[in-house]
Amino acid sequence: MGVKEKYLKLRRAGLLGACVVASGGIAFVSTDWVARKIVDKYQPKLEQNLSRRLGHPLLIGEYRGLRPWGISFDTTKLLAGYKDKSTVELSNLKVHLAPITSL
């Protein structure tokens with residue numbers, strides 16, 4: 001009888017662990033999807049605002065996903081401006097999120 005009870009407890013623990021991992025995965029995929037939708041919606045406005053402040057047209061690369069430090073984008077370009085012909089190309093742009101610091 002003792003072996004059967006241990007087996008049932010181990011089975012329950014395994015099932016609980018699988019549920020926790022599955023719900024964590026679903027939460028991450030859902031959060032990534034929501035972040036992608038938000039970035040797609042606000043990217044043109046963000047590019048416009050940053051371009052105005054920098055004095056150069058800015059093209060933010062494609063959204064690459066959530067990372068432990070924040071959000072990652074593909075190749076981002078700072079194009080030549082009217083008065084200044086210099087350009088910049090970043091192969092990978094990382095936007096760090098620090099919600100505790102902003103408080």
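Okay, so the sequence shown: first residue is 1 according to my numbering, each after it adds one.
Glycine included, C-beta positions come from ideal geometry on N, C-alpha and C.
This structure is a prediction, so every number in the text was calculated from the model and none was measured.
Just to check my reading of the structure: residue i and residue j have Cβ atoms closer than 8 Å, yes? What is that Cβ distance to the nearest angstrom?
{"i": "L97", "j": "G70", "result": "4 Å"}
{"i": "Y63", "j": "V39", "result": "5 Å"}
Provide the residue span of the beta strand (DSSP E) that contains residue i, from first to last.
{"i": "K94", "result": "L93 to H96"}
Determine, using beta carbons only, whether residue i and residue j come nearer to each other than 8 Å.
{"i": "T76", "j": "L59", "result": "yes"}
{"i": "H56", "j": "G17", "result": "no"}
Which one or two residues does DSSP pair with residue i in a beta bridge?
{"i": "V88", "result": "L78"}
{"i": "R67", "result": "G70"}
{"i": "L59", "result": "K77"}
Sort the options by Cα distance to residue i and report the nearest one.
{"i": "G61", "options": "A13, P68, P44 and R53", "result": "P44"}
{"i": "V29", "options": "K9, L79, R67 and N92", "result": "R67"}
{"i": "D84", "options": "V95, T31 and L54", "result": "L54"}
{"i": "L107", "options": "S86, I26 and F73", "result": "The shown model of the chain, from 1 to 103, leaves out residue 107, and the question about it has no answer."}
{"i": "V95", "options": "S86, K41, V88 and A35", "result": "A35"}
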